[in-house]
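2 protein chains.
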Amino acid sequence: MTTAIDILNSHNIRPSVQRIAILKYLLEHRIHPTVDDIYLALNPTMPTLSKTTVYNVLRNLVENGAVLALTIDEKNVRYDADTNSHAHFRCQCCGELYDIEQPTMALGNTTGFEIENVHVYYWGKCPKCVQIRNKE
Amino acid sequence: MTTAIDILNSHNIRPSVQRIAILKYLLEHRIHPTVDDIYLALNPTMPTLSKTTVYNVLRNLVENGAVLALTIDEKNVRYDADTNSHAHFRCQCCGELYDIEQPTMALGNTTGFEIENVHVYYWGKCPKCVQIRNKE
DNA sequence: TTTCATTTTTGTAATGATTACACTTTTAAT
DNA sequence: ATTAAAAGTGTAATCATTACAAAAATGAAA
C-alpha cells in the first residue's frame, strides 16, 4: 500500500504535515471532494489549517501529477487521488460524482497535437436515480 | 444553412433580439467564447445589452440543448454552438481551445448508468506551440 | 546549538465569475 | 388598446479562488 508520504516523495514534494494530511484525506475519501470539503473535514483535527494552504497544496499536487483536478462540476474544482486512467460520471439528478471505467478509445486525426492528458466526462442518471424514477 | 432563428425555433426557444444576436455570434465565431467575450463583442452594436442577459440566454440555450457548455477551462465556462459530436483540446502553453475529432469509443462497463452525454477533453501542446519549441 | 536563508503556512484583503432580485420593457393574445 | 406573461436590465450580493505580506517551520552551514 502506497502511503501519502511515499507519493509525495516520489513526486518530489516535501512531505509537510499539511501536505500529508490533505493527500491522506484524498487517498482515504474517494469522493472527489472540493477544497471546502477537504478544509471542513480536516479543520476539526487541525484547527490551525488555513484554507489558503488547502488551495496551495492542491495546486502543488496537481502540478506535480500526484492528484487530478476534475472540472466536471461547473461550480467547484474537485480533486481525485486516483491517477490511474478512469472516467467520471456526474448524475444530473443527485449531482453525485462516480468513478467509471475508462472507455477504450481510438483517437481520431490529431496530427500535430501533442496529447498529454485525456479526461472523459459522462453526464446522465446514476443507478440510484434511475431506480427512484422507475418506482414512481 | 441553419440560421440562429431556425435553431431557436427547433429548440422551442422564442427568438428574441438578444437570443438571436448571441446565438448568431456563437455560430459565426467558433472560438468557444466566454460570457465576457460575447458581451464585449456584442456591446458596441447593442449598447443596451446586459451581461446578465448573456448569462440568462446561455443558460437557456444550454438547458435546451442548443449550445454546449465546456468546462475544460477552470476559470470560465466556454460555449460552443457546434452540438455535433466532437472533442476539445486545450493547449497548456498558449491556452487556445481547439475542436478536435471525437475518438471512437468502446464504453467499458457502465451497467446501471443512463449515459446521456459525453465530453472528451484533451490537454497538451498545440501544433503552433510544438513548432515554437522545436525552433528554439 | 546558534545562525541564517529558504520554504511553507497563515490570515486578510482583493479579484472576478456568476447569481439574486426587483424593476422595466417587450411580446403576444384578447 | 388592454393586459398578462415573458424577457431583459442594472445593481447588489455571493462565493470560489488568488494575491500578498507577515509568521512559522525547516534544513544546512558554521
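In order, the protein sequence lines correspond to chains L and B.
Under our numbering, residues 285 to 420 are what the first sequence spells out, in order.
Under our numbering, residues 285 to 420 are what the second sequence spells out, in order.
Glycine included, C-beta positions come from ideal geometry on N, C-alpha and C.
With respect to the 7 angstroms criterion, P387 of chain L and G392 of chain B are classified as neighbours on the basis of their beta carbons.
For E380 of chain L, no CB of chain B lies under 7 angstroms from its own CB, so it is not counted at the interface with that chain. CA-to-CA, the gap between K335 of chain B and R362 of chain L works out to about 28 angstroms. Ranked by how close their Cα comes to the Cα of I289 of chain B, the residues B:V402, B:A350, B:K419 and B:V414 have B:A350 in first place. For V338 of chain L, the CB contacts under 7 angstroms within the same chain, skipping 5 residues up- and downstream, are I306, V319, I322 and Y323 in chain order.
For I399 of chain L, the secondary structure class from DSSP, reduced to helix, strand or coil, is strand.
In this structure, the alpha-carbon of S294 of chain L lies about 27 angstroms from that of T332 of chain L. Not a single C-beta of chain B is nearer than 7 angstroms to the C-beta of E347 of chain L.
Along the region 392-403 of chain B, the positions whose C-beta sits under 7 angstroms from a C-beta of chain L are G392, N393, T394, G396, F397, E398, I399, E400, N401, V402 and H403, read in chain order. For C377 of chain B, DSSP records no beta bridge to any residue. When 8 angstroms is used as the limit between beta carbons, I384 of chain L is near these residues of chain B: G392, T394 and F397, in chain order. Of B:M389, B:V404, B:F373 and B:C413, the smallest CA-CA separation from I315 of chain B is found for B:F373. According to DSSP, residue pairing for I384 of chain B in a beta bridge involves B:A371.
Cβ-Cβ distances below 6 angstroms link A371 of chain B to I384, Q386 and V404 in the same chain, with the five nearest sequence neighbours on each side left out; the list follows chain order. With fewer than 16 other CB atoms across the displayed protein chains lying within 10 angstroms of its CB, K359 of chain B is exposed.
Just measuring C-alpha positions, the residue of L:I356, L:K409 and L:E312 sitting nearest C378 of chain L is L:K409. For R362 of chain B, the enclosing beta strand (DSSP E) covers residues R362 to D364.
Within the same chain, Cβ atoms closer than 7 angstroms to the Cβ of A353 of chain L are found at V346, V361 and Y363, the five residues on either side in sequence being excluded. Beta-bridge pairing by DSSP links M389 of chain L to B:M389. Using a 10 angstroms sphere on the CB of I291 of chain L, the tally of other CB atoms reaches 16 or more, which defines it as buried.
Listed along chain L is no residue with a C-beta nearer than 9 angstroms to that of M285 of chain B; the closest approach is about 25 angstroms. Interface with chain B (7 angstroms Cβ-Cβ cutoff): Y406 of chain L is included. Assignment of V404 of chain B by DSSP, reduced to helix, strand and coil, places it in the strand class.
Using a Cβ distance threshold of 7 angstroms, V341 of chain L and R298 of chain L do not count as a contacting pair. In this structure, the CA atom of N401 of chain L is about 16 angstroms from the CA atom of C413 of chain B. Looking at the DSSP output, L352 of chain L bridges to L:D364. Taking N327 of chain L as reference, the option from L:Y309, L:S300 and L:N348 with the minimal CA-CA separation is L:Y309. DSSP, read as helix, strand or coil, puts K359 of chain B in coil.
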